[in-house]
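S.K.:
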Amino acid sequence: MVAVSGYGGIVPILVCFVPMMGIAIAYQRLNRWDQSSGATYTWVANVFHPYLGFLSGWMILLYYTLGTTTLTIPAGIYTLDLLAPSLIDNHAAIFTVGALWNLLVTALAIKGLKVVARFEWSIVIFEYAVLLLAAGVAGAAMWNGATAAPFSWDWFSWQGMGRMKGLMGGILIACFMYSGWDAAIYVNEETVDRANNPGKAALASVVMLALMYSLTTLAFQSVLAPNELQAHAGNALSAIGARLLHPPWNSVMALVVLTGTLASLQSAVVSAARMGFAMSRDHVMPSFFQRLTVARASPWAATLTMSVLNLLLLALALGTGGIAAALSNAASSLGLISLVFYGITAAAAVWHQRATLTESWSDCLLGGVLPAIGVLFSVWVLVESLLSGAVGGAVLSYGLGSIVAGAVVAVFLHRVKAVAFFDSREEARSAAR
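Residue numbering for the sequence shown follows the working numbering, starting at 35 and increasing by one per position.
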C-alpha cells in the first residue's frame, strides 16, 4: 500500500468501505433467497446466464487458490523469522515451511467446520488483541515524531497519494485486503439458521476489517522508511515490531502475522473446497470433488485438490521472481478479480429484487441503492485503473487472462462435453424474472 499510495493508504481503505458494504448486503439478500455453497456461481447462473455463473465460480476458485499463495509465502517467512532467521530469504526454505503449514491447515479443514471454527476463534482473539496494543504503541511513536516519517495531513492530499494512479493502485490492494469476508457464505449449507447467519457474518466482517485495516495501516505505515518496508516486503510487521518493541516482545508480532496468515489460509482452503463441491454437483468440475468424509460431510477430495494447487502455485511464485514482486502482482490481480465477481453478484441482487425496490424505503436502499453503488464502484475502479496506469501488464495477464481462460473452459464444457448445466437454467431464470 505504501509503495503505490504513499502514506495515504487509509484513504483507499475507507473509499472501499461503502461499496463493499453494499456488495455484502447484496450477498446477504441473495443468501436469504437461495442457500447454496456455490453462492455467486449459483445466483448469477439463475438470475443472468449459466455462462456468467460459471465464470463467476471460476473467478472465485481462482481467487482462493491464487490467494493462498499470497498467504503461504508469509507463513513460511514468519515461521523462519521466529525459528531460523538466517533462512528468511531462502526460497527453498520458505517453500518447505509454507508447504508444511498448508498440509496442516488442509488436514484441519478435512476434519470439519467445527474444528476449523475453534482454530479460527483462538487465533482471531489473540491476533486482534496484540495488533491493537502494538498499533497503540506505533500511534504514540508517530504522534511524538519518533517514526521514520512524522505525521502530516499532506499524506492524504491528492499529491500525497500519487494522484489518480496512486489512488487506483491503493483501491485495488484495498479490495484484496477486504475480500474474504464472503467466506461465511460458502459454508451456508453447513450453518445453523443458514438463511440469516451467513449474511450477518458477512456484514460484521466488512465492518471489522474496515476498523482493523484503518487503525493498523495508519499506525504502522510510517514506522519504517519506504525503502525499508520494500526490503522487508515479506515480513514487514516483524521489522516494524523490531523497531517498536524490545525483545522478546518484538517476536510476538511475527507470531501474530503467522497465526493470522494461517487463519486466512484456512478460510481460503475451506471456501475453495465448497465452491468446487457446488460446481461439481453441476458437472462443471470433476465429479470426485463431491466425495465427503463420512462423519462430518466435509468435501475432502476438493479440499485436498485445492491444497495441491496451492503448493504448485507456491513453487511457481517462488521459482520465477522476487517475493516482493510476486506478492504485489498477486495482490493487485486478485483485487481485480474480486472486483469483477463482487460487482457481478451485486448486479444480480439488484436485478433479482427489482420488482420489490419500490415497496419501501428500506427495500430501495438495501436492495437497490447500496448494491448498485457496489456495481458502479467496481466498474469505475476497473476502468480507471486501466486508464490511470495503476494496472500493469503482469496484473492484467494474471487477472484478465485467467477470466478469458475460464470462458474457454466454459465453451468446451458446453459445446464439446455437452454439460447440461449450460442448458438447464432457463426455468430458473424465468422464475427469477
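Every residue, glycine too, gets a C-beta built ideally from N, C-alpha and C.
Just to check my reading of the structure: G179 and G42 have Cβ atoms closer than 8 Å, yes? What is that Cβ distance to the nearest angstrom?
M.R.: Sequence index remark: in the sequence shown, residue 179 carries index 145 (1-based). Sequence index remark: in the sequence shown, residue 42 carries index 8 (1-based). Rounded, the Cβ-Cβ distance is 19 Å, inconsistent with contact.
S.K.: Can you name the start and end residues of the alpha helix (DSSP H) that F129 belongs to?
M.R.: Numbered from 1 along the sequence shown, position 95 holds the residue referred to as residue 129. Here the alpha helix (DSSP H) through F129 covers 125 to 145.
S.K.: In the DSSP assignment, the alpha helix (DSSP H) including Y98 goes from what residue to what residue?
M.R.: Position 64 of the sequence shown, counted from the start, is the residue given in the question as residue 98. Start and end: 84 to 117.
S.K.: If you draw a straight line from the C-alpha of E224 to the C-alpha of Q69, how long is it?
M.R.: As a working note, residue 224 is residue 190 in the sequence shown. As a working note, residue 69 is residue 35 in the sequence shown. Their Cα atoms are separated by approximately 10 Å.
S.K.: V81: which of P281, A380, D227 sits nearest, CA to CA?
M.R.: Counting from 1 along the sequence shown, the entry for residue 81 is found at position 47. Residue A380 is the option with its Cα nearest to V81.
S.K.: Please determine, among S412, V171, A439, N344, the residue with the shortest C-alpha to C-alpha distance to T102.
M.R.: Locating residue 102 in the sequence shown gives position 68, counting from the first residue. Comparing Cα positions, the closest option is N344.
S.K.: F185 and M176 look like a contact to me (Cβ under 8 Å); what is the Cβ gap, rounded to whole Å?
M.R.: Here residue 185 refers to the residue found at position 151 of the sequence shown. Here residue 176 refers to the residue found at position 142 of the sequence shown. Their Cβ separation, rounded to whole angstroms, is 5 Å, which keeps F185 and M176 in contact under 8 Å.
S.K.: Do I107 and I122 count as a contact pair if the criterion is CB distance below 9 Å?
M.R.: Sequence index remark: in the sequence shown, residue 122 carries index 88 (1-based). Sequence index remark: in the sequence shown, residue 107 carries index 73 (1-based). For I122 and I107, no; Cβs fall outside 9 Å.
S.K.: Are the region 408 to 417 and the region 335 to 350 touching, with three or more C-beta to C-beta distances below 8 Å?
M.R.: no
S.K.: Roughly how many whole angstroms lie between the Cα atoms of L347 and Y98?
M.R.: The residue given as residue 347 occupies position 313 in the sequence shown. The residue given as residue 98 occupies position 64 in the sequence shown. If you take the alpha carbons of L347 and Y98, they lie about 12 Å apart.
S.K.: What separation, rounded to the nearest whole angstrom, lies between the Cα atoms of L100 and S367?
M.R.: Position 66 of the sequence shown, counting from 1, holds the residue named residue 100. Position 333 of the sequence shown, counting from 1, holds the residue named residue 367. So the two alpha carbons sit approximately 10 Å from each other.
S.K.: With respect to the alpha helix (DSSP H) encompassing C50, which residues constitute its N-terminal and C-terminal limits?
M.R.: In the sequence shown, counting from the first residue as 1, residue 50 sits at position 16. Segment 44 to 67, the alpha helix (DSSP H) holding C50.
S.K.: Quick check on M55: buried or exposed, where buried means 16 or more other Cβ atoms within 10 Å of its Cβ?
M.R.: Sequence index remark: in the sequence shown, residue 55 carries index 21 (1-based). Buried is the call here.
S.K.: Suppose contacts are defined by Cβ-Cβ distances below 9 Å. Is A494 in contact with Y220 by that definition?
M.R.: With the chain covering 35 to 467 only, the question about residue 494 has no answer from this structure.
S.K.: Assuming the contact rule is C-beta atoms closer than 8 Å, I128 and L114 should be a hit. Round their C-beta distance to whole Å, please.
M.R.: Counted from its first residue, the sequence shown places residue 128 at position 94. Counted from its first residue, the sequence shown places residue 114 at position 80. Rounded, the Cβ-Cβ distance is 7 Å, consistent with contact.
S.K.: Going by alpha carbons, who is nearest to F311 out of P260, H266, L258, A336?
M.R.: On the sequence shown, position 277 is the one that residue 311 refers to. It is A336.
S.K.: Could you pull out every residue in the same chain whose Cβ sits closer than 6 Å to the Cβ of W187, ignoring the five residues on either side in sequence?
M.R.: If you number the sequence shown from 1, residue 187 lands on position 153. Closer than 6 Å at Cβ, skipping near neighbours: no residue.
S.K.: Within the region 179 to 217, note down every full alpha helix (DSSP H) run reaching 4 residues or more, in order along the chain.
M.R.: 197 to 212
S.K.: Quick one, are the C-beta atoms of I207 and V38 less than 9 Å apart?
M.R.: Indexing the sequence shown from 1 puts residue 207 at position 173. Indexing the sequence shown from 1 puts residue 38 at position 4. The answer is yes: Cβ separation under 9 Å.
S.K.: If you run the structure through DSSP and keep just helix, strand and coil, what is P333?
M.R.: Counting from 1 along the sequence shown, the entry for residue 333 is found at position 299. In the structure shown, P333 sits in coil (DSSP, three-state: anything other than H, G, I, E or B).
S.K.: If we ignore side chains and look at the alpha-carbon of each, how far apart do D397 and A302 end up?
M.R.: One-based indexing of the sequence shown puts residue 397 at position 363. One-based indexing of the sequence shown puts residue 302 at position 268. Looking at the two C-alpha atoms, the distance is approximately 32 Å.
S.K.: Given that a residue counts as buried once 16 or more other Cβ atoms are within 10 Å of its Cβ, and exposed if not, what is F446?
M.R.: Taking the sequence shown and counting its residues from 1, the one referred to as residue 446 is at position 412. Looking at its Cβ environment, which holds fewer than 16 other Cβ atoms inside 10 Å, F446 is exposed.
S.K.: Quick check on A453: does DSSP put it in helix, strand or coil?
M.R.: Sequence index remark: in the sequence shown, residue 453 carries index 419 (1-based). Note that residue 453 corresponds to Val in the displayed sequence, not to Ala. Residue state, collapsed to three classes: coil.
S.K.: Since A168 and L278 should fall inside the 8 Å C-beta cutoff, what is the C-beta to C-beta distance between them, to a whole number of angstroms?
M.R.: Here residue 168 corresponds to residue number 134 of the sequence shown, with the count starting at 1. Here residue 278 corresponds to residue number 244 of the sequence shown, with the count starting at 1. 7 Å between Cβ atoms; contact.
S.K.: Can you give me the Cβ contacts of F375 inside the same chain, cut-off strictly under 7 Å, excluding the 5 residues immediately before and after it?
M.R.: The residue given as residue 375 occupies position 341 in the sequence shown. So the list reads T74, S90, M93, I94, once near-sequence residues are dropped.
S.K.: Using a Cβ-Cβ cut-off of 6 Å (strictly less than) and excluding sequence neighbours within five positions of F456, which residues of its own chain qualify?
M.R.: Working through the sequence shown from its first residue, we reach residue 456 at position 422. If we look at F456 and ignore the five residues flanking it on each side, its Cβ neighbours are P84, H448.
S.K.: Below 8 Å on the Cβ atoms is my contact criterion, and I expect G233 with Q387 to pass it. Report the Cβ-Cβ distance as a whole number of Å.
M.R.: If you number the sequence shown from 1, residue 233 lands on position 199. If you number the sequence shown from 1, residue 387 lands on position 353. At roughly 14 Å, the Cβ-Cβ gap does not stay under 8 Å, so G233 and Q387 are not in contact.
S.K.: Quick check: the Cα distance between W67 and T181, rounded to an integer number of angstroms?
M.R.: Position 33 of the sequence shown, counted from the start, is the residue given in the question as residue 67. Position 147 of the sequence shown, counted from the start, is the residue given in the question as residue 181. Using only the alpha carbons, I get a separation of about 50 Å.
S.K.: To the nearest angstrom, how far is it from the Cα of A466 to the Cα of A383?
M.R.: Position 432 of the sequence shown holds residue 466. Position 349 of the sequence shown holds residue 383. Note that A466 has pLDDT 43, beneath the 50 cutoff, so the model's placement of it is unreliable and no number is given.
S.K.: Just confirm the distance between the C-beta atoms of W332 and I144, as a whole number of angstroms; I'd bet it's less than 8 Å.
M.R.: The sequence position of residue 332 within the sequence shown is 298, counting from 1. The sequence position of residue 144 within the sequence shown is 110, counting from 1. For the record, residue 332 in the displayed sequence is Ser; it is not Trp. Sure, about 6 Å apart at Cβ, within 8 Å.
S.K.: In chain order, which alpha helix (DSSP H) runs of at least 4 residues are fully inside the region 265 to 335?
M.R.: 270 to 278, 284 to 315
S.K.: Whose C-beta lies closer than 6 Å to the C-beta of T295 among residues of the same chain, with five residues either side of it excluded?
M.R.: Counted from its first residue, the sequence shown places residue 295 at position 261. Within the same chain, T295 has close Cβ partners L105, P108, A109.
S.K.: May I have the straight-line CA-CA distance separating N65 from L391, to the nearest angstrom?
M.R.: Within the sequence shown, numbered from 1, the residue matching residue 65 stands at position 31. Within the sequence shown, numbered from 1, the residue matching residue 391 stands at position 357. Their backbone Cα atoms lie some 17 Å apart in a straight line.
S.K.: Determine the direct distance from the alpha carbon of F210 to that of G200, and round the result to whole angstroms.
M.R.: Residue numbering aside, residue 200 sits at position 166 when the sequence shown is read from its first letter. Residue numbering aside, residue 210 sits at position 176 when the sequence shown is read from its first letter. The straight-line gap from Cα to Cα measures roughly 16 Å.
S.K.: Within the region 373 to 434, note down every full alpha helix (DSSP H) run reaching 4 residues or more, in order along the chain.
M.R.: Secondary structure within the region 373 to 434: the alpha helix (DSSP H) runs of 4 or more consecutive residues, fully enclosed, are 404 to 421 (chain order).
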